[in-house]
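Novice: Sequences listed follow chains S and F, in order.
149 is the number of the first residue of the first sequence in the numbering used here; add one for each residue after it.
149 is the number of the first residue of the second sequence in the numbering used here; add one for each residue after it.
Shown below is the structure under consideration.
There are 2 protein chains.
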Amino acid sequence: MQGEVKEKAQRAKDAAHALATLSTAVKNQALLAMAQALRKRQADVLAANEEDLSRGRKEGLSKAMLERLLLNEERITAMAEGLEDVAKLPDPIGNMTSVTRRPNGLQIGKMRVPLGVIGIIYESRPNVTVDAAALCLKSGNAVILRGGSEAINSNITIAEIISQAATQAGVPEGAIQLITTTDREAVNEMMQLHGYIDVLIPRGGAGLIQTVVRNSTIPVIETGVGNCHLYVDESANLSMAKAIAINGKTQRPAVCNALETLLINARVAENFLPQISQAFQERGVEMRGCPKTRTILPNILEATEEDWAKEYLDLVIALKVVENLEEAINHIRRYGTGHSEVIVTEDYSKALQFTNQVDAAAVYVNASSRFTDGSQFGLGAEIGISTQKLHTRGPMGLEELTTNKFVIYGQGQIRD
Amino acid sequence: MQGEVKEKAQRAKDAAHALATLSTAVKNQALLAMAQALRKRQADVLAANEEDLSRGRKEGLSKAMLERLLLNEERITAMAEGLEDVAKLPDPIGNMTSVTRRPNGLQIGKMRVPLGVIGIIYESRPNVTVDAAALCLKSGNAVILRGGSEAINSNITIAEIISQAATQAGVPEGAIQLITTTDREAVNEMMQLHGYIDVLIPRGGAGLIQTVVRNSTIPVIETGVGNCHLYVDESANLSMAKAIAINGKTQRPAVCNALETLLINARVAENFLPQISQAFQERGVEMRGCPKTRTILPNILEATEEDWAKEYLDLVIALKVVENLEEAINHIRRYGTGHSEVIVTEDYSKALQFTNQVDAAAVYVNASSRFTDGSQFGLGAEIGISTQKLHTRGPMGLEELTTNKFVIYGQGQIRD
Chain S
149 MQGEVKEKAQ RAKDAAHALA TLSTAVKNQA LLAMAQALRK RQADVLAANE EDLSRGRKEG
209 LSKAMLERLL LNEERITAMA EGLEDVAKLP DPIGNMTSVT RRPNGLQIGK MRVPLGVIGI
269 IYESRPNVTV DAAALCLKSG NAVILRGGSE AINSNITIAE IISQAATQAG VPEGAIQLIT
329 TTDREAVNEM MQLHGYIDVL IPRGGAGLIQ TVVRNSTIPV IETGVGNCHL YVDESANLSM
389 AKAIAINGKT QRPAVCNALE TLLINARVAE NFLPQISQAF QERGVEMRGC PKTRTILPNI
449 LEATEEDWAK EYLDLVIALK VVENLEEAIN HIRRYGTGHS EVIVTEDYSK ALQFTNQVDA
509 AAVYVNASSR FTDGSQFGLG AEIGISTQKL HTRGPMGLEE LTTNKFVIYG QGQIRD
Chain F
149 MQGEVKEKAQ RAKDAAHALA TLSTAVKNQA LLAMAQALRK RQADVLAANE EDLSRGRKEG
209 LSKAMLERLL LNEERITAMA EGLEDVAKLP DPIGNMTSVT RRPNGLQIGK MRVPLGVIGI
269 IYESRPNVTV DAAALCLKSG NAVILRGGSE AINSNITIAE IISQAATQAG VPEGAIQLIT
329 TTDREAVNEM MQLHGYIDVL IPRGGAGLIQ TVVRNSTIPV IETGVGNCHL YVDESANLSM
389 AKAIAINGKT QRPAVCNALE TLLINARVAE NFLPQISQAF QERGVEMRGC PKTRTILPNI
449 LEATEEDWAK EYLDLVIALK VVENLEEAIN HIRRYGTGHS EVIVTEDYSK ALQFTNQVDA
509 AAVYVNASSR FTDGSQFGLG AEIGISTQKL HTRGPMGLEE LTTNKFVIYG QGQIRD
């Protein structure tokens, strides 16, 4: 057991060197071959997935968990199409930026290169196995995948299919590695693998992410926990605010860029709250409010300290009346997770103040927080949304899986 | 004791919010005021430094350590000039890049923002206290400084002078914090301060850096260990190779971008080795060679496995004869630390292969590794040289102390 992680990490490291300079043509052919193999071996994937589902049912997994675990023809087709989409994206590797000539004649540029070996630790959705492998391969990185135990059979079958197809298309062996040990110890081992894994990306619930962030001694990119706010300014177009609030809360409540708290300026609270309350009630959204909110909406529950900090990921929302923009910004600073924050306003200075002072991956004026997403931002596919500050912030596409090296062209220059 | 680190980190965090939007004018005025205060209170700094020096002498610090610890009028002037230079650098904060308009009309851009709170852990040179504070302030970050115990009196006096001058010039109180506890426990505490410190930068010897890299659970930027190589290709201009080798090894042997190993193509070894050997002998450089090298230079010591891995930081160099470029690249991959690597060649394809395949912060063709430096690269001052891949690689100037946030301007867009 113990040996598996280190052994696979070593193989990934060995593959990384050749992967870094693999041609775009070979990488794209491999992605297309992986798609084709997935389609061709759909029956094997469905059979493996059925094993996971039946064990999950026996073990009493929730309906939501089983739904995330489920693969069907449509979802396998979506995975294959995802691979084909990644093949179409431009290859970031080898591009050079900001080449300058120094006074001594040295030409210095920054070349985009892969990170090396990327570890992905994720939960039940088996499609992550394919998405992560595709993005890492296209960006020239080796990947070590560590999925959840619920999906282990699905993941093993998928990884075997795609890594075999990749190797046959000319990708170095070892480029795509799946850890098959479902033991927690494997994650602990990954978090200490200096010299083998260049970065770990946890994808999943807040518990998993915090475990990795707080225990890993190798670099981590923290993803995805979103306690997102919408501030309705006194100058807001209230019907716009209402549409953005409804979209943010109800269009897909279980995702990280969904709204969790509305902050309403006291000058518009009496007008806005009854409107939004009716809209939320019609859509089955449970509301919890501050004392001022409850003087206007007396029938809702009182929001506790816990509500302000909570990422509900459900049809529940917290409502707070604030005196001014400063109070809204302070509330966001205290409870926000640095994901997506929105102001709805018609006031130019307030828009500027909000975008300058709120510190988050994405700060919006007059648009839904639901747009925080790689494809919506025009990055193509995404491997996750970074909520940390180091390396990259917000949706991570291919470029965010790379780093730079300085390349210097001289004619014999030495330093005085 | 225990309380100091957390208390100062809290104060730094409180300051960071206001610092992030502080005007360039106030930051520059503060830097100039800090320079002026240092000059004015030179006698206090020298007196504190004398305390450190006399304790150091009593405790038997090495000559090299005492030399690094020493401050004099010239060095204090250099620190003040450093502050004035940073005031002249462009302020990176608030710049927006790659603003695009999406098909739905959203305008999405990336705004450069500070990292937040930066922790610097460093060794005996007291000038780091000033340099680090200046770069962090100009880039809108709060800083927590933790210098070595040998320099504690110098650091306390310098930090008091510059932070007082900064506060008087309008910088939020708490922006510049020095940990006065010399206890190792303080470093351990810093390495766990999630939610307070956004990134730790260790500056110093390999031991300090490895301790921080391997134990910190908050993000780290690894700096500076350089086992740098020069490969002399068979097509090299040998007098150029000789000049670059001498410059790399002898111009300043104790720094991280100095050369530690020469790899010489077997086709030119008989011609090149006697020349370079004579030049090294004249400059007091001790050589250690592989068996093939010793057939040509029989009087030098044999290089052991340890020599290939060692950052001498001294007038010692390892010499190895290699069959071809591939062997050179493999040697660098095995023993290099990802700092600076050089090829001397007149062969276009070899130059391309070396720059594409060698993975390091700086990869040179026909120039000295000694150029890996913020000011030589045109970044202005530097806070260190990153040898890790995440976030940034190579010399780190003001921009490297920042991150981005996405700012999105809408007209009421919601997601379908």
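Note that the Cβ used here is the ideal one computed from N, Cα and C, for glycine as well.
1) Under 8 Å by Cβ, that's how I've got Ala303/F and Pro350/F pegged, so tell me the actual separation to the nearest angstrom.
2) Among the residues of its own chain, which have a CB less than 6 Å from the CB of Arg108/S, if the five just before and after it don't count?
3) For Leu219/S, which residues of its own chain have a beta-carbon under 7 Å away from its beta-carbon, when the five flanking residues on both sides are left out?
4) Give the DSSP-derived three-state secondary structure of Arg563/S in the structure shown.
5) Are there three or more Cβ pairs, one per stretch, closer than 8 Å when the stretch 468 to 485 of chain S is compared with the stretch 526 to 544 of chain F?
6) With a threshold of 8 Å between beta-carbons, can Asn504/S be considered close to chain F, or not?
7) Judging by CA-CA distance, which residue of Gly522/S, Ser297/S, Val335/S and Arg260/S is the nearest neighbour of Met244/S?
8) Could you confirm whether any beta carbon from chain S is found closer than 8 Å to the beta carbon of Met338/F?
9) Should Asp346/S and Val265/S be called a contact, given that it needs their Cβ atoms to be closer than 8 Å?
10) Determine, using beta carbons only, whether Ala427/S comes closer than 8 Å to chain F.
11) Where Val492/F and His539/F are concerned, what is the direct C-alpha to C-alpha distance, given to the nearest angstrom?
12) Could you please give the first and the last residue of the uninterrupted beta strand (DSSP E) stretch that includes Glu489/F?
13) Within 8 Å (strictly less), CB to CB, does Gly558/F reach chain S?
14) Examine chain B for any beta-carbon lying closer than 8 Å to the beta-carbon of Tyr344/S, and answer yes or no.
15) Does Val347/S have its Cβ less than 8 Å from a Cβ in chain F?
16) Which full runs of the beta strand (DSSP E) of 3+ residues lie inside the stretch 412 to 443 of chain F, going along the chain?
17) Pull out every residue of the stretch 156 to 182 of chain F whose Cβ sits closer than 8 Å to any Cβ of chain S, in chain order.
18) Looking at C-alpha atoms only, which residue of Gly288/F, Leu326/F, Ala393/F and Gln340/F is the closest neighbour of Ala178/F?
19) Since I believe Val506/S is in contact with Ile533/S (beta carbons under 8 Å), could you give me their beta-carbon distance rounded to a whole number of angstroms?
20) So, for Lys161/S: in the same chain, excluding its five sequence neighbours on each side, which residues have a beta-carbon less than 6 Å away from its beta-carbon?
21) Between Glu382/S, Leu407/S, Asp331/S and Thr305/S, which lies nearest to Gly151/S when the distance is taken from Cα to Cα?
22) Going by the DSSP bridge assignment, what does Gly151/F pair with across the sheet?
23) Along chain F, which residues have their Cβ under 7 Å away from the Cβ of Phe420/S?
24) To the nearest angstrom, how far is the alpha carbon of Phe428/F from that of Met388/F?
25) Would you be able to state if there are at least three C-beta pairs under 8 Å between the stretch 183 to 193 of chain F and the stretch 302 to 317 of chain F?
26) Taking Cβ positions only, does Pro266/S come closer than 8 Å to chain F?
27) Of all the beta strand (DSSP E) runs that stay within the bounds of the stretch 527 to 559 of chain S, which reach a length of 3 or more residues?
28) Hey, Thr535/S and Val373/S are a contact pair by Cβ (cut 8 Å); roughly how many whole angstroms apart?
29) Give the secondary structure of Thr315/F by DSSP, where H, G and I count as helix, E and B as strand, and everything else as coil.
30) Kindly confirm or deny that the stretch 359 to 371 of chain F and the stretch 384 to 403 of chain F touch, where touching means at least three C-beta pairs closer than 8 Å.
31) So Tyr270/S is in the beta strand (DSSP E); what residue range does that whole segment cover?
32) Drop a sphere of 10 angstroms on the beta-carbon of Ile253/F, count the other beta-carbons inside from all chains shown, and report buried for 16 or more, exposed for fewer.
33) At which residue ranges does the stretch 157 to 231 of chain F contain complete alpha helix (DSSP H) runs of 4 or more residues, listed in the order of the chain?
34) Measure how close the beta-carbons of Tyr270/S and Gly296/S come, nearest whole angstrom, since I'm counting them as under 8 Å.
35) Which runs of the alpha helix (DSSP H) fall wholly inside the stretch 492 to 526 of chain S and span at least 4 residues, in chain order?
36) Go to Ser246/S, then tell me how far its beta strand (DSSP E) extends in each direction, as first and last residue.
Specialist: According to the structure shown:
1) Checking the displayed sequence, the identity of residue 303/F turns out to be Asn instead of Ala. About 16 Å; that fails the 8 Å criterion.
2) This structure leaves residue 108/S out entirely; chain S is present only between 149 and 564.
3) Val193, Leu194, Asn197, Pro274 and Ser302
4) Shown here, Arg563/S sits in coil according to DSSP, grouped into three states, outside any helix or strand.
5) no
6) Taking Cβ atoms only, chain F reaches closer than 8 Å to Asn504/S, which makes this a yes.
7) Checking every option, the nearest Cα to that of Met244/S belongs to Arg260/S.
8) no
9) With contacts defined as CB atoms closer than 8 Å, Asp346/S and Val265/S qualify as a contacting pair.
10) No, because no Cβ of chain F sits closer than 8 Å to the Cβ of Ala427/S.
11) 30 Å
12) Segment Ser488 to Val492, the beta strand (DSSP E) holding Glu489/F.
13) yes
14) In the structure shown, chain B does not exist; the protein chains are S and F.
15) yes
16) Counting whole runs of 3 or more residues, the stretch 412 to 443 of chain F contains the beta strand (DSSP E) stretches 434 to 437.
17) His165, Ala168 and Thr169
18) Ranked by Cα distance from Ala178/F, the options Gly288/F, Leu326/F, Ala393/F and Gln340/F are led by Gly288/F.
19) At roughly 16 Å, the Cβ-Cβ gap does not stay under 8 Å, so Ile533/S and Val506/S are not in contact.
20) Val265 and Tyr344
21) Asp331/S
22) For Gly151/F, which the question treats as bridged, DSSP gives no partner whatsoever.
23) Those within 7 Å of Phe420/S in chain F number zero; the least Cβ separation is about 15 Å.
24) 15 Å
25) The stretch 302 to 317 of chain F is in contact with the stretch 183 to 193 of chain F.
26) Contrary to the premise, residue 266/S reads as Ile rather than Pro in this sequence. It does not: the Cβ of Ile266/S has no partner Cβ on chain F nearer than 8 Å.
27) 532 to 534 and 542 to 544
28) 6 Å
29) helix
30) Three or more beta-carbon pairs separated by less than 8 Å are not found between the stretch 359 to 371 of chain F and the stretch 384 to 403 of chain F, which leaves the two stretches without contact.
31) Per DSSP, Tyr270/S belongs to the beta strand (DSSP E) from Val265 to Tyr270.
32) Checking the displayed sequence, the identity of residue 253/F turns out to be Gly instead of Ile. Taking all protein chains shown into account, Gly253/F has fewer than 16 neighbouring C-beta atoms within 10 Å of its C-beta and is therefore exposed.
33) 172 to 188, 190 to 206 and 211 to 217
34) 7 Å
35) Counting only unbroken stretches of 4 or more residues, the alpha helix (DSSP H) elements lying wholly within the stretch 492 to 526 of chain S are 496 to 505, in sequence order.
36) Met244 to Arg249
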